[in-house]
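S.K.:
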Amino acid sequence: MRPRVQHTGISRLRWIVILGAVAWLGLSARLIQIQIFRHEAYSAEAHAQYLERRTLKASRGRVVDRRGNNLAVDVQATSFYAYPDQVGDPKRVAAHFASLNDKRTEFIERQLRGDKQFIYLARQVVDADVGAVAFAGVFQHPETRRQYPLGSLAGQLIGHTNIDNSGREGIERAFDDILREKDGSVVGFVDARGKQIPGRQQQREEPEHGRDLMLTIDGVYQSILEEELQRAIDGSKAQGALGVIIAPRSGEVLAMANLPLFDPNKASRSSPELRRNRAITDVYEPGSTFKVIAAAAVLEDGLASLHDRIFCGHGTFRLANGDTIRDIQPHGDLLFAQVLEKSSNIGTIKLA
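Numbering that gives the first Met the number 0 puts the first residue of the sequence shown at 0, with every later residue one more than the last.
#1: Below 7 Å CB to CB, which residues in the same chain sit around residue 399 once its five sequence neighbours on both sides are set aside?
#2: What is the DSSP secondary structure of residue 68, reduced to helix, strand or coil?
#3: So, for residue 297: in the same chain, excluding its five sequence neighbours on each side, which residues have a beta-carbon less than 6 Å away from its beta-carbon?
#4: Give me the residue from 292, 229, 276, 77 with the minimum Cα distance to residue 162.
#5: Between the Cα of residue 262 and those of 184, 154, 293, spot the shortest distance and give me the residue it belongs to.
#6: When the Cα atoms are used, what is the spatial distance from residue 28 to residue 208?
#7: Figure out for me which residue from 325, 23, 54 has the closest Cα to the Cα of residue 186.
#8: Which partner residues does residue 141 have in the DSSP bridge list?
#9: Does the region 56-76 come into contact with the region 111-119, if we say contact requires no fewer than three beta-carbon pairs (one atom in each stretch) closer than 8 Å?
#10: Residue 234 lies in the alpha helix (DSSP H); which residues open and close that run?
#11: Do the CB positions of residue 133 and residue 111 come within less than 8 Å of each other?
#12: Excluding the five sequence neighbours on either side, which residues of its own chain have a C-beta within less than 6 Å of the C-beta of residue 0, listed in chain order?
#13: Taking DSSP as the reference, what is the three-state secondary structure of residue 0?
#14: Do you know offhand how far residue 84's Cα is from residue 170's?
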């Protein structure tokens with residue numbers, strides 16, 4: 000019986016060796032597959048888990064008046080988004096974020112209960128208005144928001160940007176190539192909590208901020224012009240008014256106003272008609288403003304002097320072709336400058 004026991008022990012040992020060898024060969028084959036044949040695939044998967052690209056926000060250039068006062072600036076803001084299938088209490092989340100933007104609670108709740116995989120809850124909320132936000136399935140990321148500190152002052156002239164900070168109208172659109180920014184990015188390793196590990200950056204592209212733009216507009220003159228136009232509207236019961244103040248020697252535009260006023264901070268809630276800068280888009284007959292051109296031409300050609308007197312009759316003057324020119328009231332004799340001061344049609348015709 001003793002030799003039989005020895006034979007059984009040897010057989011067991013042989014099987015253990017064989018199984019160990021098979022296991023070792025299997026592990027070796029797996030290691031060869033991972034290290035040689037599947038190295039790039041597994042390396043890419045590992046990098047995807049621990050490498051993250053984050054945006055470095057750039058700021059759009061400022062728009063300032065000739066005194067350096069801010070007319071349009073970027074401010075820090077926060078945008079909130081959600082993965083609806085991860086949100087535990089859609090009604091509560093909807094109620095909270097409805098208070099941060101113009102969306103209705105019911106609309107946000109419908110989106111959260113819908114079949115979309117991703118939705119924005121609120122875009123570009125100014126940081127001062129955010130407060131602490133902690134809801135399951137709700138996340139946030141930093142953004143910038145275009146803000147117009149002086150509200151409706153020169154609103155149609157300055158224009159506005161869209162939600163992505165691109166110029167849509169006015170100065171914002173005309174000089175978008177100067178003001179436009181370009182975000183940068185940083186790629187680096189992150190820890191288990193998703194925070195980037197200092198000193199482990201793999202790639203970095205610096206943000207390019209937009210350039211500032213200084214206008215010839217003077218905020219003080221602009222304010223005065225808008226106030227005077229409003230006073231004229233109130234006195235005449237007109238529906239609107241517009242005006243321009245130009246420096247006579249340089250031709251610089253010091254103020255350009257359109258009433259009713261438009262606040263670029265509320266561009267999405269305004270009509271295209273209100274946003275239009277009618278001072279440069281609409282066509283008007285020059286009317287009495289052209290009398291200055293006629294008078295200047297007469298002086299330049301030496302056909303009259305500032306000391307000349309022009310008889311403007313008794314309020315009517317008949318031309319050779321039979322047409323009649325009228326003034327609102329009789330002016331009699333007027334000095335050259337008084338023709339412009341009184342806006343005399345008859346005096347201007349005689350000068351021309």
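Yeah, the Cβ is synthetic: ideal placement off N, Cα and C, and Gly gets one too.
Model, not experiment: these values are computed from the prediction.
M.R.: If we stick to the structure as given:
#1: This structure gives no information on residue 399, because the portion of the chain shown stretches from 0 to 351.
#2: The count along the sequence shown starts at 1 and reaches residue 68 at position 69. Residue state for residue 68 is assigned as coil, using DSSP reduced to three classes.
#3: The residue labelled residue 297 in the question sits at position 298 within the sequence shown. Leaving aside the five residues that flank residue 297 on each side, the residues in its chain whose CB is nearer than 6 Å to its CB run, in chain order, 303, 350.
#4: Residue mapping note: residue 162 aligns to position 163 of the sequence shown, counting from 1. Checking every option, the nearest Cα to that of residue 162 belongs to 77.
#5: Locating residue 262 in the sequence shown gives position 263, counting from the first residue. With distances taken between Cα atoms, residue 262 lies closest to 154.
#6: Here the question's residue 28 lines up with position 29 in the sequence shown. Here the question's residue 208 lines up with position 209 in the sequence shown. Going by C-alpha positions, residue 28 is about 53 Å away from residue 208.
#7: Locating residue 186 in the sequence shown gives position 187, where the first residue counts as 1. It is 54.
#8: Position 142 of the sequence shown holds residue 141. Looking at the DSSP output, residue 141 shares a beta bridge with 77.
#9: These segments do not touch.
#10: Position 235 of the sequence shown, counted from the first residue, corresponds to residue 234. For residue 234, the enclosing alpha helix (DSSP H) starts and ends at 218-235.
#11: By one-based count along the sequence shown, residue 133 stands at place 134. By one-based count along the sequence shown, residue 111 stands at place 112. No.
#12: For the purposes of this step, residue 0 is taken as residue 1 along the sequence shown, with counting starting at 1. Summary for residue 0: the model assigns pLDDT 46, below 50, so the residue's position carries little reliability; its value from the coordinates is reported in the next sentence. Taken in chain order, the list of residues that qualify is empty.
#13: Position 1 of the sequence shown, counting from 1, holds the residue named residue 0. Below a pLDDT of 50, predicted positions are generally treated as unreliable, and residue 0, at 46, falls in that range; the measurement from the model is reported next regardless. DSSP places residue 0 in the coil class of the three-state scheme, outside both helix and strand.
#14: Sequence index remark: in the sequence shown, residue 84 carries index 85 (1-based). Sequence index remark: in the sequence shown, residue 170 carries index 171 (1-based). Their backbone Cα atoms lie some 43 Å apart in a straight line.
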